[in-house]
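Undergrad: Below you will find the structure I want to go over with you.
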Amino acid sequence: MLEEIKTQRARGYRKIVIAGQSFGGRVALEVGTTSSDLFATIAIAPGMETTIGNSRTQGPTDERLRLAKSERVAVVFPGRDELFGHPDRGKTAGPILAATGRPYLMLDERAGLSGHGGATGGNFALRYGHCLQEFLSAPVLQAGPFACPSGGGGWTVARELLPGLPSQVRVLAGPEGLPPDLASVGGLWYGLLGESIVLWAMVDAGGVGPSMVLAWVASGSNRGGGVYPATVEARQLSAVLQNKATLVVKPRDGRRLEITWTPATVESNFSQLARRVQPLVGELIRVDDTN
Numbered sequence: 164m165l166e167e168i169k170t171q172r173a174r175g176y177r178k179i180v181i182a183g184q185s186f187g188g189r190v191a192l193e194v195g196t197t198s199s200d201l202f203a204t205i206a207i208a209p210g211m212e213t214t215i216g217n218s219r220t221q222g223p224t225d226e227r228l229r230l231a232k233s234e235r236v237a238v239v240f241p242g243r244d245e246l247f248g249h250p251d252r253g254k255t256a257g258p259i260l261a262a263t264g265r266p267y268l269m270l271d272e273r274a275g276l277s278g279h280g281g282a283t284g285g286n287f288a289l290r291y292g293h294c295l296q297e298f299l300s301a302p303v304l305q306a307g308p309f310a311c312p313s314g315g316g317g318w319t320v321a322r323e324l325l326p327g328l329p330s331q332v333r334v335l336a337g338p339e340g341l342p343p344d345l346a347s348v349g350g351l352w353y354g355l356l357g358e359s360i361v362l363w364a365m366v367d368a369g370g371v372g373p374s375m376v377l378a379w380v381a382s383g384s385n386r387g388g389g390v391y392p393a394t395v396e397a398r399q400l401s402a403v404l405q406n407k408a409t410l411v412v413k414p415r416d417g418r419r420l421e422i423t424w425t426p427a428t429v430e431s432n433f434s435q436l437a438r439r440v441q442p443l444v445g446e447l448i449r450v451d452d453t454n
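Laid out in structure tokens, this is it:
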């Protein structure tokens, strides 16, 4: 790793960032204590060492933060991290980072991120992706904690991450072409479904009857979507996706939609139908309402 950093420096790269999650976050912090060629170190839920009784200790992580040599440090400690026994890591890391005299971004257990992987999906991207980008791209930063801009990134971030809509469809923006009881669902909608960012709309796909389009992104390379025939029933719309899961969308109020993804049932070892995972319920807001 150190040799690679030096190689990239020799090639002319002025700002080199190292980042990792879990064990990778621990490695990033370790490298950050030994290389002064780094511009920034990013550690997400960095790995913790075990002590007597297989308990975890924050001490080595705090020491790596104290010894960090990069110009900027960003660290994320999601709340309710079951893998590490729900520690309050920000309580000790915060004062250490403040004493280093460098710019730092710390999102601790009170930042609204949950679980060991809580900073690896759509929730983090929408809430803090723009903040992390600003922290890394600002030409100059004062020493001390970096304050995230209010409001998060929202649609500005989502549209950069989501795949584009198929060129052959036309989004139904108004009541024309929509079921009378569901005229309010026209236009583009986006939101979170589990940890995936989703884009949804009713569209004219050139067929008979209504269709819906769904695009989603779970990570940088894990994305997809499609156009599906829609069934209208009792002021809600449903469709069966390619993987046989069912998607149901219905108005929650004039400005929000409820979206539910229910996985297909599969036959278990005892010839009984069961679902491998539980249904996911999310909320969509209209893209126009974010401007």
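In the working numbering, the protein residues as written are 164 to 454.
Every residue gets a Cβ at the ideal spot worked out from N, C-alpha and C, and that includes glycine.
Over the uninterrupted beta strand (DSSP E) stretch that includes ALA321, give me the two end residues.
TA: Per DSSP, ALA321 belongs to no beta strand (DSSP E); it is in the alpha helix (DSSP H), 317-324.
Undergrad: Measuring alpha carbon to alpha carbon, tell me which residue in GLY350, LEU377, ASP200, GLN221 is nearest GLY175.
TA: ASP200
Undergrad: Run through DSSP, which three-state label would LYS178 get?
TA: Look at LYS178 here: in three-state DSSP terms it is coil, with no helix or strand label.
Undergrad: Taking three-plus beta-carbon pairs below 8 Å as touching, is the segment 299-306 in contact with the segment 370-379?
TA: No: fewer than three Cβ pairs fall under 8 Å.
Undergrad: Specify, as a first and last residue, the run of the alpha helix (DSSP H) that VAL190 falls within.
TA: 186-195
Undergrad: Can you tell which of ARG235, GLU234, ASP251 has the C-alpha that lies nearest to the C-alpha of GLY242?
TA: ASP251
Undergrad: Using the Cα positions of CYS311 and GLY248, report the straight-line distance between them to the nearest angstrom.
TA: 28 Å
Undergrad: What does DSSP give as the partner residue(s) for GLY278 in the beta ladder?
TA: Looking at the DSSP assignment, GLY278 forms no beta bridge with any residue, so it has no partner.
Undergrad: Give me, in chain order, the residues of the same chain whose beta-carbon lies closer than 6 Å to that of ILE207; leave out the 5 immediate sequence neighbours on both sides.
TA: GLN184, GLY188, VAL239, ALA282
Undergrad: Under three-state DSSP, which class holds SER374?
TA: strand
Undergrad: Which of the three DSSP states is assigned to ALA408 in this structure?
TA: coil
Undergrad: Do three or more CB pairs link the segment 263-271 to the segment 223-235 at distances below 8 Å?
TA: yes
Undergrad: Would you say LEU355 and GLY445 are within 8 Å of each other, going by their C-beta atoms?
TA: Cβ atoms of LEU355 and GLY445: closer than 8 Å.
Undergrad: Going by beta-carbon coordinates alone, are VAL332 and LEU351 separated by less than 8 Å?
TA: No, these two residues do not count as a Cβ contact at 8 Å.
Undergrad: Measuring CA to CA, which of ASP416, GLU396, GLY388 is closest to LEU404?
TA: Of the candidates ASP416, GLU396, GLY388, the one whose C-alpha sits nearest the C-alpha of LEU404 is GLY388.
Undergrad: Taking the beta strand (DSSP E) that SER461 falls in, what are its first and last residues?
TA: This structure does not reach residue 461, given that the chain is present from 164 up to 454, and the question cannot be answered.
Undergrad: Kindly list the residues whose CB is nearer than 6 Å to the CB of ALA393, restricted to its own chain and excluding five residues on each side of it in sequence; keep chain order.
TA: PRO373, SER374, MET375, LEU400, ALA402
Undergrad: DSSP puts GLN399 in a beta bridge; with which residues?
TA: When DSSP reads this structure, GLN399 sits in a beta bridge with GLU396.
Undergrad: Please give the ranges of any beta strand (DSSP E) in the segment 228-282, keeping only runs that are unbroken, at least 3 residues long and fully inside the region.
TA: 235-239, 266-270
Undergrad: Taking a contact to mean a Cβ-Cβ separation below 8 Å, would you say GLU358 touches ASN286 in this structure?
TA: Yes, they are a contact pair.
Undergrad: Please report the distance separating the alpha-carbon of GLU272 from that of VAL395.
TA: 42 Å
Undergrad: Determine whether the beta carbon atoms of GLY327 and LEU289 lie at a separation below 8 Å.
TA: no
Undergrad: Short of 6 Å in beta carbon distance, which residues of its chain neighbour ALA321, apart from the five on each side in sequence? Order them along the chain.
TA: The beta carbon of ALA321 sits closer than 6 Å to the beta carbons of TYR353, ILE360 from its chain, once the five residues preceding and following it are set aside; these are given in chain order.
Undergrad: How about GLN305: is its Cβ closer than 7 Å to a heavy atom in the ligand NAP?
TA: With respect to the ligand NAP, the structure shown offers nothing to examine, as it has no ligands at all.
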